[in-house]
Amino acid sequence: MASIKVLQNGPLLVEEDDVSVVDWNGSEYSVARLPVALCRCGASEKKPFCDGAHSKAGFSGGEPAKRNSSNE
Ligand code: FES
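In terms of the numbering used here, the sequence shown opens at residue 222 and continues consecutively.
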């Protein structure tokens, strides 16, 4: 099972050896390295990947998961 880790004040880290990232047309992005870090701050110049710009942008995203919470 793939694991997606929400980093505090940072990207979504996809921890999986065999992962593909595709655009809205189904075209695959080249994945340079694993794990894959996906931007969630909107400041990256390399979207959908994180390029570290969240630090300069002062992105704040530290909401912890709640036990037994669902995504509904
Ligand atoms: S989360 Fe890292 S650049 Fe957006």
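Ideal Cβ positions, reconstructed from N, Cα and C, are used throughout, including at glycine.
task: Determine the direct distance from the alpha carbon of Lys-268 to that of Cys-262, and round the result to whole angstroms.
output: Locating residue 262 in the sequence shown gives position 41, counting from the first residue. Locating residue 268 in the sequence shown gives position 47, counting from the first residue. Distance between the alpha carbons of Cys-262 and Lys-268: 10 angstroms.
- prompt: Closer than 8 angstroms, CB to CB, is Leu-228 near chain B or not?
  reply: You won't find chain B in this structure, because it holds only one protein chain.
message: Shorter than 7 angstroms, the distance from the beta carbon of Ala-253 to the closest heavy atom of the ligand FES, or not?
response: Against the sequence shown, residue 253 aligns to sequence position 32. Every heavy atom of the ligand FES is 7 angstroms or more from the Cβ of Ala-253, so no.
- prompt: Is Ala-258 helix, strand or coil by DSSP?
  reply: As a position in the sequence shown, residue 258 is number 37, starting the count at 1. Here Ala-258 sits in strand by DSSP.
message: For Gly-231 and Ala-274, I'd like the C-alpha separation in whole angstroms.
response: Looking up residue 231 in the sequence shown gives position 10. Looking up residue 274 in the sequence shown gives position 53. Answer to the nearest angstrom: the Cα atoms are 9 angstroms apart.
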